[in-house]
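Numbering (my numbering), first residue to last: 0 to 237. Don't be surprised by glycine CBs; every beta carbon is placed ideally from N, CA and C.
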Amino acid sequence: NGQVGERGMDLVIGVNRRISERSAFSCSCVVGALRGVTLKLGLSRLGQELSIPIILSKELSARSVAAGTVVPAVVGALFKMLWLRPRKEARRQRKVDRERAANAERISQARREAQTDVELMQFAVNRKRQLEESRGGLIIVKGIFGRIPPMSRRRAAAEASGGDDWPTEGETTVDVTIPLQYLLEDSKLQLFNSAKSGLPGFCDPAPGEEKQLYVLYRFKGRLHEALIGDRQPLIMPL
C-alpha cells in the first residue's frame with residue numbers, strides 16, 4: 000500500500016503475522032524517493048507497539064528495492080516455519096495429551112473388552128488360518144489400528160533399532176491382526192466406509208484423533224501392505 004508523509008509518497012510492502020490473541024509481528028519495506036529503502040520490524044502487544052527501522056539504502060536502486068521487497072516475504076515465511084507452526088503444533092499436542100489423560104480409563108476399558116473378543120476369536124481364527132495356508136490364500140501377517148506414526152518417524156526408529164519400519168502396537172495403536180483374520184471369508188476381506196473401532200476385536204485407542212488402519216498380508220505366497228483412513232473402505236486382496 001502507499002502512504003504520504005513529510006518526505007513525500009512512500010510505498011509500503013510487508014507482512015503481518017499474529018503470534019497470539021494479544022500479540023502480532025510485522026515486517027515491512029518502505030520505499031521512498033527521498034528516504035530510500037528502509038526495513039521496519041514491528042511488534043505489538045496489548046495496544047503497545049515497538050518499531051525498529053533498518054536503513055537498507057539511502058538511495059533508490061533496482062538492487063535495494065528488490066532486496067527490500069523480498070526480505071519481508073522471506074522473513075514472514077521463516078517466522079511462520081520456525082515460530083508459528085511449532086507453537087501451533089505444541090498447542091495441539093498439549094490438547095491431545097489432556098484428552099488422552101481424561102480418556103485414559105475409558106481407553107483402558109475398551110482395550111480390555113477388545114482383548115476379550117480376541118480371545119473368543121482365537122479358535123476360529125486358527126482354523127481359518129490353516130485353511131488359507133493350505134490353499135495359498137489370504138493370511139493377515141500384521142494389522143495395526145490407531146494413530147500410526149508417519150513413515151519417516153517409523154523408518155528412523157527402525158534404523159536405530161535395526162528392525163523393520165512396520166507399525167507396532169503402542170499407546171495410540173492396537174494390534175488387530177487376529178480380528179482381521181477372523182473377518183475374512185474365502186480369501187477375501189471387505190471393510191466398509193465406517194469407523195473401524197466398532198468392528199469385533201477393535202477399539203478406539205486415540206479418541207478424537209485421526210486414525211488409520213495398516214495391514215500387512217500374504218496372498219499367493221507374496222507379501223503386500225495397505226494403509227487406509229479410519230472411514231475408508233478396504234477390499235483385499237488388492
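Cβ-based neighbour list, residue i, same chain, cut-off 7 Å, excluding 5 preceding and 5 following
{"i": "LEU45", "result": "ARG21"}
{"i": "LYS79", "result": "ARG16"}
{"i": "VAL117", "result": "ILE177, PRO178 and GLY200"}
{"i": "ILE227", "result": "GLN211, LEU212 and LEU233"}
{"i": "PRO71", "result": "ILE12, GLY13, VAL14, CYS26, SER27 and CYS28"}
{"i": "ALA23", "result": "ASN15, ARG16, ARG17 and SER43"}
{"i": "LEU239", "result": "Because the chain in this structure spans residues 0 to 237, residue 239 falls outside the shown range and cannot be described."}
{"i": "GLY135", "result": "LYS219 and GLY220"}
{"i": "GLU209", "result": "ARG146"}
{"i": "ALA65", "result": "none"}
Per-residue burial, residue i [other beta carbons within 10 Å of its own, 16 or more giving buried]
{"i": "ASP320", "result": "Nothing about residue 320 can be reported from this structure: the residues present for the chain run from 0 to 237 only."}
{"i": "ASP174", "result": "buried"}
{"i": "ASP229", "result": "buried"}
{"i": "LYS94", "result": "exposed"}
{"i": "SER133", "result": "exposed"}
{"i": "SER25", "result": "buried"}
{"i": "GLY142", "result": "buried"}
{"i": "LEU137", "result": "buried"}
{"i": "LEU288", "result": "Nothing in the structure corresponds to residue 288, since the chain is present only between 0 and 237."}
Beta-carbon proximity list for residue i, same chain, < 8 Å, skipping 5 on both sides
{"i": "VAL124", "result": "ILE177, GLN180 and TYR181"}
{"i": "ARG110", "result": "VAL173, CYS202 and PRO204"}
Backbone CA spacing between residue i and residue j [nearest angstrom]
{"i": "PHE201", "j": "PHE144", "result": "8 Å"}
{"i": "MET235", "j": "LEU42", "result": "56 Å"}
{"i": "ARG17", "j": "LYS219", "result": "56 Å"}
{"i": "ARG90", "j": "ASP96", "result": "10 Å"}
{"i": "PRO52", "j": "LEU38", "result": "6 Å"}
{"i": "PRO166", "j": "LEU49", "result": "49 Å"}
{"i": "GLN121", "j": "ARG146", "result": "25 Å"}
{"i": "ALA205", "j": "ILE106", "result": "8 Å"}
{"i": "ALA113", "j": "THR171", "result": "15 Å"}
{"i": "GLN189", "j": "LEU40", "result": "58 Å"}
{"i": "HIS223", "j": "LEU237", "result": "9 Å"}
{"i": "SER186", "j": "ARG86", "result": "48 Å"}
{"i": "ILE54", "j": "LEU77", "result": "21 Å"}
{"i": "TRP82", "j": "GLU58", "result": "33 Å"}
{"i": "PRO149", "j": "THR68", "result": "37 Å"}
{"i": "GLU168", "j": "ALA61", "result": "59 Å"}
{"i": "GLN231", "j": "GLN47", "result": "50 Å"}
{"i": "ALA101", "j": "VAL73", "result": "41 Å"}
{"i": "PHE191", "j": "GLN108", "result": "25 Å"}
{"i": "SER19", "j": "GLN92", "result": "17 Å"}
Same chain, Cβ closer than 6 Å to residue i, neighbours up to 5 away in sequence not counted
{"i": "SER56", "result": "GLY35, VAL36 and SER63"}
{"i": "ALA225", "result": "VAL214"}
Integer-rounded CB distance, given that residue j should sit under 8 Å from residue i
{"i": "GLY207", "j": "GLU98", "result": "5 Å"}
{"i": "TYR216", "j": "VAL140", "result": "6 Å"}
{"i": "VAL14", "j": "GLY75", "result": "4 Å"}
Would you check if the region 191-207 and the region 126-139 touch, i.e. whether three or more CB-CB distances between them fall below 8 Å? no
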